[in-house]
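For what it's worth, the working numbering labels the leading residue of the sequence shown as 80, then goes sequentially.
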Amino acid sequence: MQIQLNGEPRRLDRAVTVAQLLADLGLTERRVAVEVNREIVPRSEHARRELRDADQVEVVVAIGGG
Numbered sequence: 080m081q082i083q084l085n086g087e088p089r090r091l092d093r094a095v096t097v098a099q100l101l102a103d104l105g106l107t108e109r110r111v112a113v114e115v116n117r118e119i120v121p122r123s124e125h126a127r128r129e130l131r132d133a134d135q136v137e138v139v140v141a142i143g144g145g
């Protein structure tokens, strides 16, 4: 399966949810915003939202500062 991740092509060996993708990216402990096909996916939906071939995924990591 092929998706676009932050504008770059990314091949996935299996079907995954948003939560699984974030785990594969090492972002499970980070504050992130996720958009799939220009639609925000709430954190409460990450485990249920399955990615499909050709999905466009944007992941933004929140960075705190002072």
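We treat Cβ as the ideally placed atom computed from N, Cα and C, and that holds for glycine.
The way I'd put it, the region 107-115 doesn't touch the region 84-95; fewer than three beta-carbon pairs between them come closer than 8 Å. About 5 Å separates the CB atoms of R128 and V97; that is less than 8 Å, so the two are in contact. Classified as buried, V120 has 16 or more neighbouring CB atoms from the shown chains inside 10 Å of its CB.
By the CB criterion at 8 Å, M80 and A94 fall inside the cutoff. In the DSSP secondary-structure assignment, T96 is bridged to E129. For R90, the enclosing beta strand (DSSP E) has its first and last residue at E87 to R90. Check the Cα spacing between Q99 and each of R89, R90, V138 and A126: the tightest is with A126.
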